[in-house]
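Protein chains: 2
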Amino acid sequence: MKKTNITIKDIARKLGVSPSTVSRALKDHPDISPNTKKEIQELAISLNYQPNSVALSLRQSKTNTIGVIIPEIAHFFFSAVISGIEDIAHSAGYHVIITQSNESYEREVMNTKALFNSRVDGILLSISRETSNYDHLQSLLDSNVPLVFFDRMVDSLNACKVIVNDEQGAYEATTHLIEQGYYRIAHLAGPQNLGISKNRLNGYKAALADNKYMMDDNLVKVCGLGTYEEAEAITNELLDYRFPPDAIFSNNDVAAYGAMTAIKKRGLRIPEDVAIVGFSNWRFSSLIQPALSSVTQPGFKMGQEATRLLMKQIALGDDEEAITETISLKTNLVVRESSMKKKKVVE
Amino acid sequence: MKKTNITIKDIARKLGVSPSTVSRALKDHPDISPNTKKEIQELAISLNYQPNSVALSLRQSKTNTIGVIIPEIAHFFFSAVISGIEDIAHSAGYHVIITQSNESYEREVMNTKALFNSRVDGILLSISRETSNYDHLQSLLDSNVPLVFFDRMVDSLNACKVIVNDEQGAYEATTHLIEQGYYRIAHLAGPQNLGISKNRLNGYKAALADNKYMMDDNLVKVCGLGTYEEAEAITNELLDYRFPPDAIFSNNDVAAYGAMTAIKKRGLRIPEDVAIVGFSNWRFSSLIQPALSSVTQPGFKMGQEATRLLMKQIALGDDEEAITETISLKTNLVVRESSMKKKKVVE
DNA sequence: ATCGTCTCCGCAATCGTTTGCGGAAAAGCG
DNA sequence: CGCTTTTCCGCAAACGATTGCGGAGACGAT
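From first to last, the protein sequence lines stand for chains A and B.
Just so you know, we're using this note's numbering here: the first sequence kicks off at 10 and counts up by one.
Just so you know, we're using this note's numbering here: the second sequence kicks off at 10 and counts up by one.
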């Protein structure tokens with residue numbers, strides 16, 4: 010039961026040549042005679058020789074591997090990002106090591122250290138919710154490890170970043186409701202300590218302002234938990250108003266779904282009486298009745314762009330200046346029944 | 010901008026000692042005098058020395074890394090599995106390399122080869138939908154690479170397997186429908202080249218048989234794609250029968266949702282006219298109207314168990330016989346409105 | 001003074017692969 | 001035939017860390 014991985018030396022011994030010759034023959038080096046070359050290559054195939062990448066990495070100080078640190082894998086958006094990362098990385102011949110911080114600062118630090126020790130060629134990172142000290146990341150930058158942030162980034166650090174333009178997404182969603190003729194548009198906001206929630210609220214406000222709508226603070230309700238039940242309760246408060254909203258833009262799809270439930274339970278129609286637009290375009294959003302309009306976040310594309318940036322940085326010569334690009338990805342409003350008052354063919 | 014990873018040699022040079030001394034000092038070897046040891050350790054810390062794991066891997070023929078080949082990451086069940094894998098692997102000091110086959114045979118072969126080349130210490134694998142040739146896996150086993158299948162496994166291969174007891178899940182789901190008083194129960198089956206689909210079909214058949222229900226082949230329809238649209242169309246065929254089914258057990262939740270749509274479009278009520286039970290308990294299943302009964306698969310636990318098995322195998326001495334355990338995890342039926350004809354409080 | 005015994009450290013090989021350099025044999029040329 | 005050129009291949013060092021072995025010097029014992 011011995012592990013018997015065949016090496017270049019094994020081939021060399023069997024053929025009575027030196028390892029260097031084998032190495033050269035396998036990569037079609039002109040210094041090797043056609044005969045020897047053929048012999049070696051055939052033996053290599055028949056023995057199913059597979060080069061040891063570990064040795065290669067050591068020799069070339071290049072692992073062809075990138076590391077990813079992500080808050081949570083079991084999350085649709087992040088798994089889409091991972092797929093995007095994989096897509097680009099693999100076609101560039103890179104492996105991907107995934108690690109999860111589980112929203113823990115300590116885990117994040119451990120992971121950065123571990124990835125550094127395995128000498129990955131670069132790191133893609135979305136910081137954990139807990140992280141507020143960035144020494145571990147600064148030390149990566151100091152060691153010249155290519156680093157790209159995605160989604161959740163650190164403003165103060167001098168690195169590449171790929172983010173989603175939440176404000177623009179919220180702006181478009183709100184504008185869409187305005188264009189559909191709704192005039193009293195409420196917003197179910199997210200917890201305001203999160204940058205993304207704030208940005209979405211800002212986009213909502215900006216759209217109202219640009220269309221000369223008056224801002225009514227009573228129409229903005231914070232859903233701290235973002236759960237279905239909470240949103241249903243809060244929506245009921247809104248509907249109890251003397252002049253209730255005729256449209257709701259929600260910070261996320263689950264809350265939007267809670268709002269839909271509250272509306273339907275009162276016998277109101279969607280979108281005739283109250284329209285709904287969500288955020289994130291969860292998978293279920295196209296399946297529910299009525300189908301929920303939502304703002305898609307380009308997770309897959311984000312992964313791709315972040316990886317492209319990383320590849321660019323890795324390819325950089327040691328003497329060249331590091332790049333610090335920031336890519337802001339456009340969100341995309343997917344209009345479905347829940348907000349289509351006018352007859353209109355979309356999607 | 011030179012990449013300046015400090016090595017043991019750097020420390021040795023700076024202190025005028027040999028690399029061996031540094032190595033020993035850092036691991037507290039008794040051969041080194043306390044003075045030297047202290048000096049070396051302090052310098053190592055102040056230089057922020059991080060051992061090069063690549064060199065270590067080469068030296069010890071052990072990478073402390075395991076590879077995962079998974080059909081698709083952006084899938085709730087599989088990301089739960091990954092989390093379970095990470096959980097165990099990390100606490101055992103292992104890294105995890107994730108690769109996706111995207112349900113493609115070719116990709117799967119490429120990935121196994123790549124993982125083998127990086128000399129991972131073991132591989133966790135769920136085969137792609139396309140895979141029907143297992144040479145690449147056999148060759149892994151021949152090379153003595155520890156291998157554990159999860160979820161989708163290959164019966165004929167002699168390796169560890171962690172599976173969900175699909176048959177039991179299907180049996181319970183079908184039995185539940187029978188207990189609710191439905192008497193003409195159809196099954197939307199999955200592609201029959203997949204073991205899991207076959208097992209679910211078998212569970213369905215067994216439940217019918219155990220309850221003296223006659224098996225009617227017309228009520229079993231294969232949904233090869235597993236998409237929403239396909240299921241809707243196929244369900245329409247079923248409903249067109251002179252004696253249509255009054256309950257449907259679906260091989261997966263998306264197909265179940267397609268079936269629900271077909272039923273609702275005909276003005277039939279769920280669960281009064283037709284009941285539905287799905288499989289996998291997707292996140293949306295609790296949100297749709299009516300909420301969909303479904304069989305949950307313990308993804309996180311599956312990842313944990315598979316990784317535990319792999320660790321056990323890796324720890325095995327080269328002379329010991331390989332183990333070939335199979336762990337079967339119990340599923341759990343979550344009953345919701347879509348199949349609750351009788352008044353009953355569940356969940 | 002001589003020998004033995006510790007203490008502390010360095011040499012060199014090793015993991016598998018690559019690559020600059022140099023050298024032997026073969027071939028070409030006058 | 002003698003010389004140069006070409007062809008083909010091996011030597012050895014390198015990547016970074018580990019480890020068996022051996023050796024120099026200090027120290028104690030006889």
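Where is the CB? At the ideal position from N, CA and C, for every residue including glycine.
Counted within 10 angstroms of its Cβ, other Cβ atoms place Ile332/B as buried (16 or more) or exposed: The residue you call residue 332/B lines up with position 323 of the second sequence. Exposed, since its Cβ has fewer than 16 Cβ neighbours within 10 Å.
Quick one, which residues of the region 281-304 of chain A are near chain B if we go by CB-CB under 7 Å, in chain order? For the region 281-304 of chain A, the set of residues with a beta-carbon nearer than 7 Å to any beta-carbon of chain B comprises Arg292, Phe293, Leu296, Ile297, Gln298, in chain order.
Give the single residue among Leu35/A, Arg128/A, Val283/A whose Cα lies nearest to the Cα of Ala53/A. Numbered from its first residue, the first sequence carries residue 53/A at position 44. Ala53/A has its Cα closest to that of Leu35/A, out of Leu35/A, Arg128/A, Val283/A.
Closer than 8 Å is the cut-off here; do at least three beta carbon pairs connect the region 309-316 of chain B with the region 266-275 of chain B? The region 309-316 of chain B vs the region 266-275 of chain B: no contact.
Counting Cβ pairs closer than 8 Å, one from the region 171-189 of chain B and one from the region 197-211 of chain B, do we hit at least three? The region 171-189 of chain B, when compared against the region 197-211 of chain B, does touch it at the 8 Å Cβ threshold.
Extent of the continuous beta strand (DSSP E) run through Lys18/A: Locating residue 18/A in the first sequence gives position 9, counting from the first residue. From DSSP, Lys18/A is part of no beta strand (DSSP E) but of the alpha helix (DSSP H) over 17-24.
Can you tell me whether Gln306/B is buried or exposed? The criterion is at least 16 other CB atoms within 10 Å of its CB, across all chains shown. The residue labelled residue 306/B in the question sits at position 297 within the second sequence. Buried is the call here.
C-alpha distance - Gln50/A paired with Ala83/A, whole-angstrom precision: For the purposes of this step, residue 50/A is taken as residue 41 along the first sequence, with counting starting at 1. For the purposes of this step, residue 83/A is taken as residue 74 along the first sequence, with counting starting at 1. Rounded to the nearest angstrom, the two C-alpha atoms are 45 Å apart.
So, is the C-beta of Glu356/A closer than 8 Å to a C-beta in chain B? In the first sequence, the residue the question calls residue 356/A occupies position 347. With a pLDDT of only 46 at Glu356/A, under the threshold of 50, the placement of this residue in the model should not be trusted; the figure read from the coordinates follows. The Cβ of Glu356/A sits no closer than 8 Å to any Cβ of chain B.
Contact list for Pro60/A against chain B, beta-carbon separation under 8 Å: Taking the first sequence and counting its residues from 1, one reaches residue 60/A at position 51. For Pro60/A, the neighbours in chain B by C-beta distance under 8 Å run, in chain order, Asn126.
Quick check on Gln8/A: buried or exposed, where buried means 16 or more other Cβ atoms within 10 Å of its Cβ? Outside the shown range of chain A, which is 10 to 356, sits residue 8/A, and nothing can be said about it.
Counting Cβ pairs, one atom from each stretch, are 3 or more of them under 8 Å apart for the region 95-104 of chain A and the region 104-123 of chain B? The answer is yes - the region 104-123 of chain B touches the region 95-104 of chain A, with three or more Cβ pairs under 8 Å.
Leaving out five residues on either side along the sequence, give the residues of the same chain with a beta carbon under 6 Å from the beta carbon of Met320/A. Numbered from its first residue, the first sequence carries residue 320/A at position 311. Around Met320/A: Ala101.
Taking Cβ to Cβ, would you say Glu117/B is nearer than 8 Å to Ser137/B? For the purposes of this step, residue 117/B is identified with residue 108 of the second sequence, where counting begins at 1. For the purposes of this step, residue 137/B is identified with residue 128 of the second sequence, where counting begins at 1. A contact, by the Cβ cut-off of 8 Å.
Assuming Gly76/B and Ile323/B form a contact by the criterion Cβ under 8 Å, report the distance between their Cβ atoms to the nearest whole angstrom. Working through the second sequence from its first residue, we reach residue 76/B at position 67. Working through the second sequence from its first residue, we reach residue 323/B at position 314. Between Ile323/B and Gly76/B the Cβ distance is about 12 Å, and since that is not below 8 Å, they are no contact.
Among residues of its own chain, excluding the 5 on either side of Gln298/A, which ones have a beta-carbon nearer than 7 Å to its beta-carbon? The count along the first sequence starts at 1 and reaches residue 298/A at position 289. Answer for Gln298/A: no residue qualifies.
Rounded distance between the beta-carbons of Phe86/B and Ser289/B, thought under 8 Å: Counted from its first residue, the second sequence places residue 289/B at position 280. Counted from its first residue, the second sequence places residue 86/B at position 77. Sure, about 6 Å apart at Cβ, within 8 Å.
Backbone CA spacing between Arg292/A and Glu48/B [nearest angstrom]: As a working note, residue 292/A is residue 283 in the first sequence. As a working note, residue 48/B is residue 39 in the second sequence. Whole-angstrom Cα-Cα distance: 58 Å.
Output needed in chain order: residues of the region 87-113 of chain A with a Cβ under 7 Å from some Cβ in chain B. Residues of the region 87-113 of chain A that bring their beta carbon within less than 7 Å of a beta carbon in chain B comprise Ser88, Ala89, Ile91, Ser92, Glu95, His104, Val105, Ile106, Ile107, Gln109, in sequence order.
So what does DSSP say about Lys230/A, is it helix, strand or coil? Position 221 of the first sequence holds residue 230/A. If DSSP states are grouped into helix, strand and coil, Lys230/A belongs with the strands.
Rounded straight-line distance, which links the Cα of Met119/B to that of Ile78/B: Here the question's residue 78/B lines up with position 69 in the second sequence. Here the question's residue 119/B lines up with position 110 in the second sequence. Each residue's Cα considered, the two are about 10 Å apart.
Helix, strand or coil at Ser337/A [DSSP, three-state]: Within the first sequence, the letter at position 328 stands for residue 337/A. In this structure, Ser337/A counts as strand in the three-state DSSP scheme.
Are the CB atoms of His196/A and Leu248/A nearer to each other than 8 Å? If you number the first sequence from 1, residue 196/A lands on position 187. If you number the first sequence from 1, residue 248/A lands on position 239. Contact: no.
CB contact check: Thr72/A to chain B, cutoff 8 Å: Stepping through the first sequence from its first residue, residue 72/A is reached at position 63. True, the Cβ-Cβ gap to chain B drops below 8 Å.
Which residues in chain B sit within 8 Å of Ile82/A, going by Cβ to Cβ distance? Translated into positions along the first sequence, residue 82/A becomes position 73. Going along chain B in sequence order, the residues near Ile82/A (Cβ under 8 Å) are Ile82, Ser88, Ile91, Ser92, Glu95.
Bounding residues of the alpha helix (DSSP H) (the contiguous stretch that carries Gln177/A): Taking the first sequence and counting its residues from 1, one reaches residue 177/A at position 168. It spans 175-188 - the alpha helix (DSSP H) in which Gln177/A sits, taken as one unbroken run.
At the level of alpha carbons, what is the spacing between Thr335/B and Leu156/B? Taking the first residue of the second sequence as 1, we reach residue 335/B at position 326. Taking the first residue of the second sequence as 1, we reach residue 156/B at position 147. If you take the alpha carbons of Thr335/B and Leu156/B, they lie about 12 Å apart.
State the beta-bridge partners of Lys170/B as determined by DSSP. Position 161 of the second sequence holds residue 170/B. BP columns for Lys170/B point to Phe158/B, Thr335/B.
According to DSSP, is His84/B helix, strand or coil? Sequence index remark: in the second sequence, residue 84/B carries index 75 (1-based). Here His84/B sits in coil by DSSP.
Tyr266/B burial status per 10 Å Cβ neighbour count (16 or more: buried): Residue mapping note: residue 266/B aligns to position 257 of the second sequence, counting from 1. Burial state of Tyr266/B is buried, judged by a 10 Å Cβ sphere holding 16 or more other Cβ atoms.
In terms of residue numbering, what span does the beta strand (DSSP E) encompassing His196/A cover? Numbered from its first residue, the first sequence carries residue 196/A at position 187. Residues 194-198.
Short-range partners of chain A found in the region 152-178 of chain B, where Cβ spacing is below 8 Å: Among the residues of the region 152-178 of chain B, those with a Cβ less than 8 Å away from any Cβ of chain A are Ser152, Asn153, in the order of the chain.
Using 10 angstroms around the beta-carbon of Leu342/A, count the other beta-carbons present and answer buried if the total reaches 16, otherwise exposed. The residue you call residue 342/A lines up with position 333 of the first sequence. That one is buried.
Can you tell me where the alpha helix (DSSP H) with Val31/B in it begins and where it stops? The residue labelled residue 31/B in the question sits at position 22 within the second sequence. From DSSP, the alpha helix (DSSP H) with Val31/B extends over 28-35.
Any idea what DSSP makes of Thr74/B, helix, strand or coil? Within the second sequence, numbered from 1, the residue matching residue 74/B stands at position 65. Strand at Thr74/B.
The beta strand (DSSP E) that contains Ile257/A, what's its start and end? Here residue 257/A refers to the residue found at position 248 when the first sequence is read from its first residue. Its beta strand (DSSP E) spans residues 256-259.
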